[in-house]
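Undergrad: Please read through the structure below; I'll follow up with questions.
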Amino acid sequence: MKRTFALPVVALAAITGLAACDTGGGGAQSAPVQKLSTGAAVSGEITFWHAYSAAGSEIKALEKTIIPNFEKLHPGVKIKPVQVPDADMHQKLVTASAAGSLPDVIRVDIVTVPELAKIGVLTPLDEAMPDFQDWAKKMYPGPLATNKYKDKYWGLPLDTNTKVVLYNQDALKSAGISSVPKTLEELKANAGKAGGGKFILAEGGSAAWQMLPYIWSNGGDMTDPGVTKASGYLNGPKSVAALQMLVDMYGQKTIPGNVLGGSGGTPTADGLAKGTYASIVDGPWTFPNLATSYPKFQAQTSPMYSGEGGSVSVVGGEDIVMTQQSKNKELAAEFIRYMLSPDAQKAMGHAGQLSAEADMASEMSAVEPYYAAYLEQLKTAKPRPATPQWAKIDDIFTKQAQLAFQGKQTVQQAMDAAAAQIDPLLAQG
Amino acid sequence: MAIDSVSATPAVAAPAPSRPCKPGRGGASRRPSHWWVPWAFAAPGLILFAMTTGYPLIRSLQISFYKWSVLPTQASTFIGADNYLRALGDAQFWTSLANAGVYLLMTVPATVAIGLFFAILLHAKIPGRTTFRVLFYIPVVTSWVVVSLLFKFLFTTDDGAINWFLTDFLHVTQQGVPWLEQRWTALIAVSVLGVWKNLGWCLVVFLAALGGVGEELYEAASLDGANAWHKFVNVTLPGIRGTLLFVTVLQVIGAFNVFPSVLLMTNGGPAGSTEVPLTYMYKQAFSFLDFGYGSAMSFILAIFIFVVSYLQFKFLGEKKEMVK
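Listed below in structure tokens is the structure:
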């Protein structure tokens, strides 16, 4: 009988042996960067991953206008767009990186660029594209900075955004608030006037994306300017006071439970349109989405509630990057150039995507009147700390903030613990 | 034809002694001489198993001892049992195990008891029996993702049907319950989905087992003057004890592996209070790229499930022997 076990044992040994063999590998993480040309003839096919929303008109702009126009300019080339839902994008990028099945070009959330650069799957555009500086010069400095990791630029800003206060005039009026609060103090003072299942403000979660505008506007911060430590910043008095205000409001039931993660309550934009929430803090994409779902409702804009630090919102948006493994980098570069061209930027502007190119500002305001409020807010908006550890840091912050909202820890305790967990991550670089 | 086959038979039926591999009548004691023949038959299945289960299993065991780098071109560092020690000291991992335990207690007894109850009802010859069986089985074949999202909407705080029922219909509470925003209520919501989804499977397995309990046993019990309850306790339960064990063990394993419902309904929140082992290890691997840590946790969970299943077989299984 012993002999009959030989086969599986050998197979097992072969498998383990195999597995052991490709562990480790060399430390050499990046091949020499291929120098690309400009104006060269391009051919072939590339794949483009994006998370453009199907709810508004973004996908339509991409697939019906931008890509056909590019293909017309370069006969014989083909761009294959693949929509990956925003929530799945990070995971999909990770698994595709491991499997070596990334596409050629990706529209990626600005916070993910350092992480992808660190694992070595991106082409440094400043080294590969001879015209990189020409493009970089056009960009607002905030969005451009999100592409930088270890002194190289790994992408270019494709679109940018920030959040402003959106309010429902009727909801404010019926709560007896004559005009929208301008400062954090006014917000707090008027908070109790809503009630009866209505709220003066709703936030869809307690991640950095939601909380940082309050912290910054109150004069606090998450890390030092060099992004090397959180202690003394995230748990500093001004950051803690900003969160304390929101935690108090949640305790007094003047902001709804969405702030605990958004799985239970009416989504913020829906609540705004219905008048359940008098104000929310949200981005330009809210307008086309509201126009589809609530055509009769018109949201009003106001700058982020200001405090000691001014009116400071958070920079969002996406960068466009080229992967290391792309087999057709010339075409990939040409497509990136087209995505940044006035034609494509304008087409996306109509769909709710704000250009990160400074010379497009006046055209953008002409496209949609509500862009003016965002362009104004962008002047003071800050990006979240650029670090490859961002996903983990944001998770720690979100969890600790939730503990404070639930009253399980004081805000000071929660932020002390968050800073203590974040410091060693930042030290890893 | 008949003559042909008769004449041909002796030649075939009289194999030379040197060819013993032909399985003959009464050759049960003989071993086939080619040891590889049974393996050849099993090979397609074994190869598939090795590729889809065996290799990933061994590979993730290996990963669990490394600070694993996502890219094959970058070096991974061997760190011994560090990932395992880290998990044992990770309060969030223990919380997630505790939540799986709570989910188990809320779902397994209810699923088994209700499943058995309806199986007995549907075992009787009632009109529309097939229709009911199909209806009970529908939740089993529907997608976890779809029903998780549906249940999430049912349990929504502001517009959810459950809160509407509690506040506007039953009037038991003024304010809607924030089901998915607190630990225990969220676990209740997830458990309700678990019971609803798994009920049909238990029911079908129990139905099959009930069909195997001999009618004569019930007749004998009737002659002895047993009522319905006596028959259930003394005939039905002993008759399906093996199936009961099988269903319970699988449900317990399933409870520790609860995943899509938690991921989609609460995503482990708020503040990680509804995290279960699978959502937590998924986050470590796919959000934080910490595949080594995620793999280590998966092996700790596997050992845990193995021990629990072993204990179930030991304690519930022995009683079966005693009955015999």
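Keeping their order, the protein sequence lines are chains Z and V.
Position in the first sequence (from 1) plus 16 gives the number in my numbering.
Position in the second sequence (from 1) plus 47 gives the number in my numbering.
The beta-carbon is built from N, C-alpha and C at its ideal position, and this holds for glycine as well.
In this text the structure is predicted, and so the values were computed from the model without any measurement.
Just how far apart, CA to CA, sit residue 264 (chain Z) and residue 352 (chain Z)?
TA: Along the first sequence, read from residue 1 onward, the residue named residue 264 (chain Z) stands at position 248. Along the first sequence, read from residue 1 onward, the residue named residue 352 (chain Z) stands at position 336. Cα to Cα, the separation comes out at about 47 Å.
Undergrad: Answer yes or no: does any C-beta atom of chain V fall closer than 9 Å to that of residue 135 (chain Z)?
TA: Numbered from 1 along the first sequence, position 119 holds the residue referred to as residue 135 (chain Z). Answer yes: the Cβ-Cβ gap between residue 135 (chain Z) and chain V drops below 9 Å somewhere.
Undergrad: What residues match up with residue 218 (chain Z) in a beta bridge as DSSP calls it?
TA: By one-based count along the first sequence, residue 218 (chain Z) stands at place 202. For residue 218 (chain Z), which the question treats as bridged, DSSP gives the partners Z:296.
Undergrad: Spatial neighbours of residue 441 (chain Z) within its chain, please: CB distance less than 7 Å, with the 5 preceding and 5 following residues excluded, ordered by chain position.
TA: As a working mapping, residue 441 (chain Z) is identified with position 425 in the first sequence. Cβ within range, chain order: 405, 408, 409.
Undergrad: Buried or exposed: which applies to residue 64 (chain Z), given that a residue is buried once 16 or more other Cβ atoms fall within 10 Å of its Cβ?
TA: The residue given as residue 64 (chain Z) occupies position 48 in the first sequence. By the neighbour-count rule (16 or more Cβ atoms within 10 Å), residue 64 (chain Z) is buried.
Undergrad: Considering Cα atoms alone, identify which of V:293, V:101, V:265, V:270 is closest to residue 280 (chain V).
TA: Here residue 280 (chain V) refers to the residue found at position 233 when the second sequence is read from its first residue. Closest option to residue 280 (chain V), Cα to Cα, is V:265.
Undergrad: Whose C-beta lies closer than 7 Å to the C-beta of residue 103 (chain V) among residues of the same chain, with five residues either side of it excluded?
TA: Looking up residue 103 (chain V) in the second sequence gives position 56. So no residue of the chain qualifies.
Undergrad: Considering Cα atoms alone, identify which of V:177, V:116, V:153, V:110 is closest to residue 232 (chain V).
TA: For the purposes of this step, residue 232 (chain V) is taken as residue 185 along the second sequence, with counting starting at 1. Cα-wise, what sits closest to residue 232 (chain V) is V:153.
Undergrad: Of all Cβ atoms in chain Z, is any one closer than 9 Å to the Cβ of residue 241 (chain V)?
TA: In the second sequence, the residue the question calls residue 241 (chain V) occupies position 194. Judged by the 9 Å Cβ criterion, residue 241 (chain V) is not in contact with chain Z.
Undergrad: What do you get for residue 189 (chain V), buried or exposed, if any count of 16 or more other CB atoms within 10 angstroms of its CB means buried?
TA: Taking the first residue of the second sequence as 1, we reach residue 189 (chain V) at position 142. Label assigned to residue 189 (chain V): exposed.
Undergrad: For residue 282 (chain Z), which residues in chain V fall below 7 Å Cβ to Cβ?
TA: For the purposes of this step, residue 282 (chain Z) is identified with residue 266 of the first sequence, where counting begins at 1. Going along chain V in sequence order, the residues near residue 282 (chain Z) (Cβ under 7 Å) are 205, 206.
Undergrad: Bridge partners for residue 248 (chain V) per DSSP, in chain order?
TA: Residue numbering aside, residue 248 (chain V) sits at position 201 when the second sequence is read from its first letter. According to DSSP, which records beta bridges pairwise, residue 248 (chain V) is partnered with nothing at all.
Undergrad: Three or more C-beta pairs under 8 Å: does that hold for the segment 159-175 of chain Z against the segment 336-345 of chain Z?
TA: At 8 Å Cβ cutoff, the stretches touch.
Undergrad: Which residue marks the beginning of the beta strand (DSSP E) containing residue 305 (chain Z), and which one marks its end?
TA: As a first step, residue 305 (chain Z) is located in the first sequence; it is residue number 289 there, counting from the start. That residue, residue 305 (chain Z), is in no beta strand (DSSP E); its alpha helix (DSSP H) goes 302-309.
Undergrad: Between residue 168 (chain Z) and chain V, is any beta-carbon pair separated by less than 9 Å?
TA: Residue numbering aside, residue 168 (chain Z) sits at position 152 when the first sequence is read from its first letter. No, residue 168 (chain Z) lies away from the interface with chain V (no Cβ there is under 9 Å from its Cβ).
Undergrad: Nearest by alpha-carbon distance to residue 194 (chain V): which of V:244, V:269, V:121 is it?
TA: By 1-based counting over the second sequence, the position of residue 194 (chain V) is 147. When only C-alpha atoms are compared, the closest one is V:244.
Undergrad: What runs of the beta strand (DSSP E), each 3 residues or longer, lie entirely inside the segment 48-85 of chain Z?
TA: Counting only runs of 3 or more, we get 61-66.
Undergrad: Thinking residue 198 (chain V) and residue 236 (chain V) are a contact (beta carbons under 8 Å), I'd like their distance in whole angstroms, please.
TA: As a first step, residue 198 (chain V) is located in the second sequence; it is residue number 151 there, counting from the start. As a first step, residue 236 (chain V) is located in the second sequence; it is residue number 189 there, counting from the start. Rounded, the Cβ-Cβ distance is 7 Å, consistent with contact.
Undergrad: Under a three-way DSSP split, which group does residue 396 (chain Z) fall into?
TA: By 1-based counting over the first sequence, the position of residue 396 (chain Z) is 380. Coil at residue 396 (chain Z), not helix or strand.
Undergrad: At what residue ranges does the segment 120-169 of chain V contain a whole run of the alpha helix (DSSP H), taking only runs of 4 or more?
TA: The segment 120-169 of chain V contains these whole alpha helix (DSSP H) runs: 129-135.
Undergrad: Here's the rule I'm using: 16 or more other beta-carbon atoms within 10 Å means buried, otherwise exposed. How should residue 355 (chain Z) be labelled?
TA: Against the first sequence, residue 355 (chain Z) aligns to sequence position 339. That one is buried.
Undergrad: Quick one: is residue 303 (chain V) buried, meaning 16 or more other Cβ sit within 10 Å of its Cβ, or exposed?
TA: The sequence position of residue 303 (chain V) within the second sequence is 256, counting from 1. Buried, by the Cβ-count rule.
Undergrad: When you compare the CB of residue 437 (chain Z) with every CB in chain V, is at least one pair closer than 9 Å?
TA: Residue 437 (chain Z) sits at position 421 when you count from the first residue of the first sequence. So no, residue 437 (chain Z) is outside the interface.
Undergrad: How would you label residue 277 (chain V), buried or exposed, when you count the other beta carbons within 10 angstroms and need 16 or more for buried?
TA: Numbered from 1 along the second sequence, position 230 holds the residue referred to as residue 277 (chain V). Label assigned to residue 277 (chain V): exposed.
Undergrad: May I ask which residues mark the beginning and end of the beta strand (DSSP E) holding residue 334 (chain Z)?
TA: Within the first sequence, the letter at position 318 stands for residue 334 (chain Z). First-last of the beta strand (DSSP E) with residue 334 (chain Z): 332-338.
Undergrad: Less than 9 Å between CB atoms is the rule here; does residue 316 (chain V) satisfy it with respect to chain C?
TA: Looking at the structure shown, chain C is missing, and the protein chains on hand are Z and V.
Undergrad: Tell me the DSSP secondary structure of residue 289 (chain V) in three-state form.
TA: What you label residue 289 (chain V) is simply residue 242 of the second sequence in a count that begins at 1. Three-state DSSP puts residue 289 (chain V) in a helix.
Undergrad: Helix, strand or coil: which one does DSSP assign to residue 194 (chain V)?
TA: Working through the second sequence from its first residue, we reach residue 194 (chain V) at position 147. Three-state result, residue 194 (chain V): helix.
Undergrad: Cβ closer than 9 Å: which chain V residues qualify as neighbours of residue 125 (chain Z)?
TA: Your numbering for residue 125 (chain Z) matches position 109 in the first sequence. Near residue 125 (chain Z) there are no residues of chain V at all, since even the closest Cβ is about 13 Å away, more than 9 Å.
Undergrad: Does residue 253 (chain Z) pass the burial test, meaning 16 or more other C-beta atoms within 10 Å, or should it be called exposed?
TA: For this step, residue 253 (chain Z) is matched to residue 237 along the first sequence. That one is exposed.
Undergrad: Considering only residues of the same chain and omitting the five flanking positions on each side of residue 347 (chain V), which have a CB-CB separation below 6 Å?
TA: Numbered from 1 along the second sequence, position 300 holds the residue referred to as residue 347 (chain V). So the list reads 134, once near-sequence residues are dropped.
Undergrad: In the DSSP output, which residue or residues are listed as bridge partners for residue 376 (chain Z)?
TA: Residue 376 (chain Z) sits at position 360 when you count from the first residue of the first sequence. In DSSP, residue 376 (chain Z) forms no bridge with anything.
Undergrad: Does residue 336 (chain V) get closer than 9 Å to chain Z when you measure Cβ to Cβ?
TA: Locating residue 336 (chain V) in the second sequence gives position 289, counting from the first residue. Yes, residue 336 (chain V) counts as interfacial toward chain Z.
Undergrad: Run through DSSP, which three-state label would residue 173 (chain Z) get?
TA: Residue 173 (chain Z) sits at position 157 when you count from the first residue of the first sequence. Note: residue 173 (chain Z) maps to strand in three-state DSSP.
Undergrad: Check whether the segment 413-429 of chain Z and the segment 223-231 of chain Z touch, using three or more Cβ-Cβ pairs below 8 Å as the test.
TA: Output reads yes: the segment 223-231 of chain Z touches the segment 413-429 of chain Z.
Undergrad: Would a check of beta-carbon distances place residue 118 (chain V) closer than 9 Å to chain Z?
TA: Residue 118 (chain V) sits at position 71 when you count from the first residue of the second sequence. Chain Z contact via Cβ: present.
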